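Following the working numbering, the residues of the sequence shown are numbered contiguously, the last one being 127. Glycine is no exception: its CB is placed at the ideal position from the N, C-alpha and C atoms. Treat the numbers as computed from the prediction; the structure is a model and nothing was measured. First up is the structure itself, then whatever we jot down about it.
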Amino acid sequence: QSNRKLSCLDLSHNQLSDGACRCLGSILANNESIRALNLSWNQIRPKGAVALAMGLQGNCSLKTLDVTMNGFGQEGSLAVGFALTDNSALTELDVSHNRIPDIGLIGLAEAMKVNESLRHLRVGE
3 QSNRKLSCLD LSHNQLSDGA CRCLGSILAN NESIRALNLS WNQIRPKGAV ALAMGLQGNC
63 SLKTLDVTMN GFGQEGSLAV GFALTDNSAL TELDVSHNRI PDIGLIGLAE AMKVNESLRH
123 LRVGE
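Laid out in C-alpha cells, this is it:
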C-alpha cells in the first residue's frame, strides 16, 4: 500500500482466491503509484470481483486494468459498474470473457453515462 515506486503489476495466471482479491482491493483503495494492473486468467469469481471493485471505486491512480478470462458473472460485473460511477482515474478496462450476462452489460453501460475518464472498455466474449 505504501510502495511509491511500483507502477505496473502483472499478476496474471495466479489463480487468485477471494481472500487475495480482498487484499488487492484494499491495496487498490490506498495505493497511489500503480498505473497498470493485469489480473487476467486468475479464475476470479463474483466475490473476488466485488472485493476488487470496492478497491477500484476509491482508487485515484490506476489507469489500465485487465481482468480478462476470469468469471465475474452478474454480481461482479454490476460491482465493477458501480465502482466506475465513482472512479475518475481509470482510462482503459478489459473485462472480456468474464461470463457477463445482459444485466451486467447494462450496469457497465449505465456507468459509462457518468464516468468521464474511461476511454476504452472491452467486453467481448
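{"Item": "Closest residue to Val97 among Lys115, Asp68 and Glu77 (Cα-Cα distance)", "Value": "Asp68"}
{"Item": "Straight-line gap, His15 to Asn40 (C-alpha atoms, nearest Å)", "Value": "10 Å"}
{"Item": "C-alpha gap between Ser119 and Thr66, whole angstroms", "Value": "11 Å"}
{"Item": "Minimum length 4: unbroken alpha helix (DSSP H) runs contained in the segment 35-94", "Value": "48-60 and 75-88"}
{"Item": "Where Leu8 falls: helix, strand or coil (DSSP)", "Value": "coil"}
{"Item": "Reduced DSSP category for Leu123 - H, G, I as helix; E, B as strand; rest coil", "Value": "strand"}
{"Item": "Buried versus exposed call for Leu58 [16 or more other C-beta atoms within 10 Å across all chains shown]", "Value": "buried"}
{"Item": "Residue range of the alpha helix (DSSP H) that includes Ser28", "Value": "Asp20 to Asn32"}
{"Item": "CA-to-CA distance, Met71 to Ile102, given in whole angstroms", "Value": "11 Å"}
{"Item": "Rounded distance between the beta-carbons of Phe74 and Ile132, thought under 8 Å", "Value": "Because the chain is modelled from 3 through 127, residue 132 falls outside the range shown and cannot be assessed."}
{"Item": "Whole-number beta carbon distance between Val52 and Ala31, since they are thought to touch under 8 Å", "Value": "The Cβ separation is near 13 Å, so there is no contact."}
{"Item": "Boundaries (first-last residue) of the alpha helix (DSSP H) holding Val116", "Value": "Asp104 to Val116"}
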